[in-house]
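Engineer:
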Amino acid sequence: MSDLGKFHLFGDPEALNHAASGSVGSPGLCDQEEDPPPEGCPSSSRYLYWAFSVLMILLVSGGAIVGILYLAYQPEVPKYSISSLKMMKFNPRRSNNLYAIFSLVVGTENPNKNVGIYYDEGSTVRLLYKGYKLCEGPFPEFYQGHWNTTWLQVPLTGYGQYATSLLRWMQQQKQQTGFLDLDLRVTQLVSLKFGRVKVRGLKLVGHCWLDVDNVDGSIISIKETICDLRMRL
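In my numbering, the protein residues as written are 11 to 243.
(1) Determine the DSSP secondary structure at F256, reduced to helix, strand or coil.
(2) Identify, in the order they occur along the chain, each residue of the same chain with its Cβ nearer than 6 Å to the Cβ of C237, setting aside the five sequence neighbours on each side.
(3) Express the C-alpha separation of E234 and G170 in angstroms, rounding to a whole number.
(4) State yes or no: is the C-beta of L243 within less than 9 Å of the C-beta of G211?
(5) Tell me the rounded alpha-carbon separation between F152 and L220.
(6) Excluding the 5 residues flanking L10 on each side, which residues of the same chain have their C-beta closer than 7 Å to its C-beta?
(7) Which runs of the beta strand (DSSP E) at least 3 residues long sit entirely within the region 91 to 167? Give them in chain order.
(8) Spatial neighbours of I232 within its chain, please: CB distance less than 8 Å, with the 5 preceding and 5 following residues excluded, ordered by chain position.
(9) Taking Cβ positions, are G162 and P150 nearer each other than 9 Å?
(10) To the nearest angstrom, how far is the alpha carbon of Y57 from that of V87?
(11) From V225, K99, N124, L214, pick the residue whose C-alpha is nearest to that of T134; which is it?
(12) Which one or two residues does DSSP pair with Q198 in a beta bridge?
(13) For G168, is the classification buried or exposed, using 16 other Cβ atoms within 10 angstroms of its Cβ as the cut-off for buried?
(14) Along the chain, where does the beta strand (DSSP E) that runs through L239 open and close?
(15) Using CA coordinates, which residue listed in T197, S63, P85 is at the minimum distance from P148?
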């Protein structure tokens with residue numbers, strides 16, 4: 011009679027203990043272990059690491075080569091000089107628009123003894139007055155050898171608005187100072203040749219200040235010219 015108040019447990023004690031801990035049933039997602047990646051198959055992060063390493067090596071090597079060439083050859087920036095500026099057409103129209111054609115003769119000097127200069131395609135020359143663009147045109151594409159000065163004729167054309175105001179400003183300045191100040195801006199893509207090595211991707215930025223007597227005559231007298239050129243990567 012005393013055995014009726016007791017509970018009797020049957021089965022494997024370890025299994026029962028495991029059931030008591032709450033692990034009975036099929037395992038959940040958190041209990042499933044992912045298979046490790048097979049050996050010999052690098053992950054994407056490893057690809058990125060190698061790509062970044064190769065890129066850094068190329069950049070450092072390229073910079074070192076450019077530095078060595080610069081120290082060995084010591085290149086100088088080319089020089090510009092303006093020979094003449096002719097007005098081919100300067101026609102204010104009734105619609106307050108301006109149509110202008112100029113012919114510019116510019117000299118480029120390569121002062122380097124052992125460095126050649128390639129003037130590449132995609133360069134522009136702009137002629138401005140007080141920030142107003144009168145005309146523009148492409149700079150000729152050519153190669154300039156060592157210790158060389160080349161004279162080039164650059165045609166410039168332009169079509170703009172506010173012709174009446176522009177002419178009034180020019181007349182006022184000419185009456186006050188006796189001359190007109192024009193800005194010539196050049197954006198020139200160049201490549202340098204060091205022996206057999208050619209370095210591309212350089213930019214020559216030029217700014218010339220011109221004092222002229224007028225812009226409405228066929229012959230324009232240039233009283234003073236100052237040019238500043240700088241090389242950029």
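The C-beta atom is built at its ideal place from N, Cα and C for all residues, glycine as well.
Structural biologist: Reading it off the structure:
(1) For residue 256 there is no data in the structure shown, the boundaries of the chain being 11 and 243.
(2) Y90, C218
(3) 26 Å
(4) yes
(5) 25 Å
(6) As shown, the chain starts at 11 and ends at 243. That puts residue 10 outside it, with no answer to give.
(7) 107 to 120, 125 to 129, 134 to 139, 142 to 148, 152 to 154
(8) I92, S94, L95, L220, D221, V222
(9) Before going further, note that residue 162 is Leu rather than Gly in the sequence given. It is a contact, given that the beta carbons lie within the stated cut-off.
(10) 42 Å
(11) L214
(12) L214
(13) buried
(14) 232 to 242
(15) T197
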